[in-house]
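I have placed the structure first, in the form of structure tokens, so that the comments after it can refer back to it.
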Amino acid sequence: MHHAAEPPRRPTPRADAVTGTDFRIVDLTDLTDLTDSRDLTDPVGRTDLTDSTDLTELADLLTGTGTGAAAHTAWDAASVALLPPRLGRPYLRPGHCRVVVASEAGRPVGLLPLLRGTPGQIPQALLDPGPETAAVLPADPGDLLFVGGCVDLVAGAAVAAGLTEERRRAVRRGLVDRAWEQAGRDGLVPLALHVRDDEVADFRGPGRRAAELGVTCLLRLPGDGSDASYLAGLGQSGRRTVLKDRRRTAEAGLRSEVRPAGELTAAAAELVVAVKRRYGVEEHPRLVRSRLARWAADPAGERVAFAVSDEAGPVAVTFGCVRGTGLEIYETGLADAHPHRHEAYAESLFQAPVAFAQARGITTIDLGLDATTPKTRRGATLAPTWVVRPDQ
Numbered sequence: 000m001h002h003a004a005e006p007p008r009r010p011t012p013r014a015d016a017v018t019g020t021d022f023r024i025v026d027l028t029d030l031t032d033l034t035d036s037r038d039l040t041d042p043v044g045r046t047d048l049t050d051s052t053d054l055t056e057l058a059d060l061l062t063g064t065g066t067g068a069a070a071h072t073a074w075d076a077a078s079v080a081l082l083p084p085r086l087g088r089p090y091l092r093p094g095h096c097r098v099v100v101a102s103e104a105g106r107p108v109g110l111l112p113l114l115r116g117t118p119g120q121i122p123q124a125l126l127d128p129g130p131e132t133a134a135v136l137p138a139d140p141g142d143l144l145f146v147g148g149c150v151d152l153v154a155g156a157a158v159a160a161g162l163t164e165e166r167r168r169a170v171r172r173g174l175v176d177r178a179w180e181q182a183g184r185d186g187l188v189p190l191a192l193h194v195r196d197d198e199v200a201d202f203r204g205p206g207r208r209a210a211e212l213g214v215t216c217l218l219r220l221p222g223d224g225s226d227a228s229y230l231a232g233l234g235q236s237g238r239r240t241v242l243k244d245r246r247r248t249a250e251a252g253l254r255s256e257v258r259p260a261g262e263l264t265a266a267a268a269e270l271v272v273a274v275k276r277r278y279g280v281e282e283h284p285r286l287v288r289s290r291l292a293r294w295a296a297d298p299a300g301e302r303v304a305f306a307v308s309d310e311a312g313p314v315a316v317t318f319g320c321v322r323g324t325g326l327e328i329y330e331t332g333l334a335d336a337h338p339h340r341h342e343a344y345a346e347s348l349f350q351a352p353v354a355f356a357q358a359r360g361i362t363t364i365d366l367g368l369d370a371t372t373p374k375t376r377r378g379a380t381l382a383p384t385w386v387v388r389p390d391q
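Heads up, the sequence shown is in numbering that gives the first Met the number 0, so the first residue is 0 and it goes up one at a time.
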């Protein structure tokens, strides 16, 4: 006998008395249940779920399948990992994921992911953290609530791009306050890892402390797309480094091309494994292929790969995502033993993305964490990332 489905639990909103913004927490299992069946009435017609239309619209927003007004909202976020279509991905383990939703006049204007820690298990995104990140994690993360998510080493909120800067900041602060409040109710320890520098002020608050955790590298390019303008802005030392990169790549006979990311996930897996092994981290190629394939298939942004090859095949592959006028670098794979390893690395991570950006009108390249010396030598600037946690 088929039993009628239980209607999803409706989250209780909390209204901000000053701004009129509603803040509520939605469990992604509720949204997964809704997207598994597009019919809002159960199969035997006994349970009308039409009062859950707001949750359905939110489910569509978080999975990139919607066509309503909310689905067409433009969003600002520190990373594509925080954009609405990414938050609904099933591999983010929805049984442990929630989202703080800020709404105005019934329309979402802010989203903050929350990930519950699992006893005895470090989150997948932190399996090979740097020493700074490892130092702030407890031996057992089961009592943690990762505020702002725990994917791709960035924590933050997505806010509607149409809001003024003042309103965006107010929404972001309200989202974080609501998350901290929920952590207290659940007996969990809230922790935000790798909050970007331009958002950390909105993560601070009473009973919280922020400390520098890492460094991210950002390369800003001239808006005219001119290579001459880019080189002129580097200074003498930077120009010398970049021109030497280009000359040596040409002399080595390496071939550079830009392709859709999904076409290179299999070929790049062994190269990514080689980089991790070089730094003492073992990851099975099959798992790397699966992770790269998931990333390449995500709906947010345009996923591309910068491949540098010799006659035998790829020597280096860098994956990146285009969003508006920005390019966000995800990961680089590099052959461990190759006579032109350095040239392939410089071409894949710097020169090819810069040429691509100049041709596409892209003005910023987020080069990610670590490896600051080669990045700053080629024009990148540094900004801290932060950990925010209770001050006791």
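The beta carbon of each residue, even a glycine, is placed where N, CA and C say it ideally should be.
Bridge partners for residue i per DSSP, in chain order?
i, result
"S102", "D21, P107"
"A209", "V387"
"Q392", "Any answer about residue 392 is impossible in this case: the structure gives the chain only from 0 up to 391."
"T363", "R219, G325"
"T406", "Outside the shown range of the chain, which is 0 to 391, sits residue 406, and nothing can be said about it."
"F305", "V257, T317"
"R97", "D26, L113"
"L82", "DSSP output for L82 lists no bridge partner at all."
"P189", "L144"
"R195", "T384"
"W74", "A159"
"L368", "T215"
Leaving aside the five residues before and after residue i along the sequence, list all residues of the same chain whose C-beta is less than 8 Å from its C-beta, in chain order.
i, result
"G253", "First, the residue type needs correcting, since residue 253 is Leu and not Gly in the sequence shown. Answer for L253: V307, S308, D309, V314, H339, E342, A343, E346, listed in chain order."
"P389", "V188, P189, G206, R207, R208"
"V214", "L368, D369, T371, L381, A382, P383, T384"
"A273", "G332, L333, A334, D335"
"D261", "Correcting the residue type first, residue 261 is Gly in the shown sequence and not Asp. Hits under 8 Å: A292, A295, A296, R302."
"G119", "D139, G141"
"G232", "P221, G378"
Nearer than 8 Å: is that true of the beta carbon of residue i relative to any heavy atom of the ligand NAP?
i, result
"G173", "Among the components modelled here there is no ligand, and therefore nothing to report on the ligand NAP."
Round the Cβ separation of residue i and residue j to the nearest angstrom and send it over; I've been treating them as touching at under 8 Å.
i, j, result
"V99", "L113", "7 Å"
"C149", "K374", "The pair is not a contact, with the Cβ atoms about 24 Å apart (cut-off 8 Å)."
"D142", "G116", "7 Å"
"L60", "P107", "7 Å"
"A358", "V316", "Incorrect: roughly 19 Å between the Cβ atoms, too far for contact."
"L111", "G147", "6 Å"
"T362", "G222", "6 Å"
In chain order, what residues of the same chain have a beta carbon less than 6 Å from the beta carbon of residue i, not counting five sequence neighbours either side?
i, result
"R97", "I24, D26, L113"
"A182", "L144, P189"
"G237", "G378"
"V199", "A209, W385"
"W179", "P189"
"L348", "T317, T331"
"K275", "E282"
"D201", "R168, R171, R172"
"A251", "H339, E342"
"H337", "V314"
Once you ignore the five residues that flank residue i on each side, which residues in its own chain have a CB closer than 7 Å to its CB?
i, result
"D176", "G204"
"T264", "R288, L291, A292, A295"
"R245", "Q350"
"E327", "S78, V79, G319, C320, D365"
"L230", "R238, V241"
"R166", "none"
"G360", "G224, T324"
"A356", "L220, L326, I364"
"H95", "L114, R115, T117"
"R277", "D335"
"A268", "P284, V287, R288, L291"
"L270", "P313, A315, V316, G332, L333, A334"
"R247", "E342"
Worksheet item: So does the stretch 369 to 388 actually touch the stretch 188 to 196, counting three or more Cβ pairs closer than 8 Å?
Response: yes
Worksheet entry | Given 8 Å, three or more beta-carbon pairs between the stretch 169 to 183 and the stretch 358 to 372 | no
Discussion item. Check whether the stretch 280 to 289 and the stretch 318 to 329 are in contact - that is, three or more C-beta pairs closer than 8 Å.
Written reply: no
Discussion item. With a threshold of 8 Å, are at least 3 pairs of Cβ atoms found where one atom belongs to the stretch 73 to 82 and the other to the stretch 146 to 157?
Written reply: yes
Worksheet item: If we count Cβ pairs, one from each stretch, closer than 8 Å, do we get three or more for the stretch 251 to 270 versus the stretch 296 to 304?
Response: yes
Worksheet item: What runs of the alpha helix (DSSP H), each 4 residues or longer, lie entirely inside the stretch 308 to 351?
Response: 340 to 345
Discussion item. If we require 4 or more residues per run, which alpha helix (DSSP H) segments fall completely within the stretch 127 to 168?
Written reply: 130 to 135
Fill in: Complete runs of the beta strand (DSSP E) confined to the stretch 203 to 278 [at least 3 residues]
207 to 219, 254 to 259
Fill in: the stretch 103 to 111 contacting the stretch 135 to 142, beta-carbon criterion three pairs below 8 Å
no
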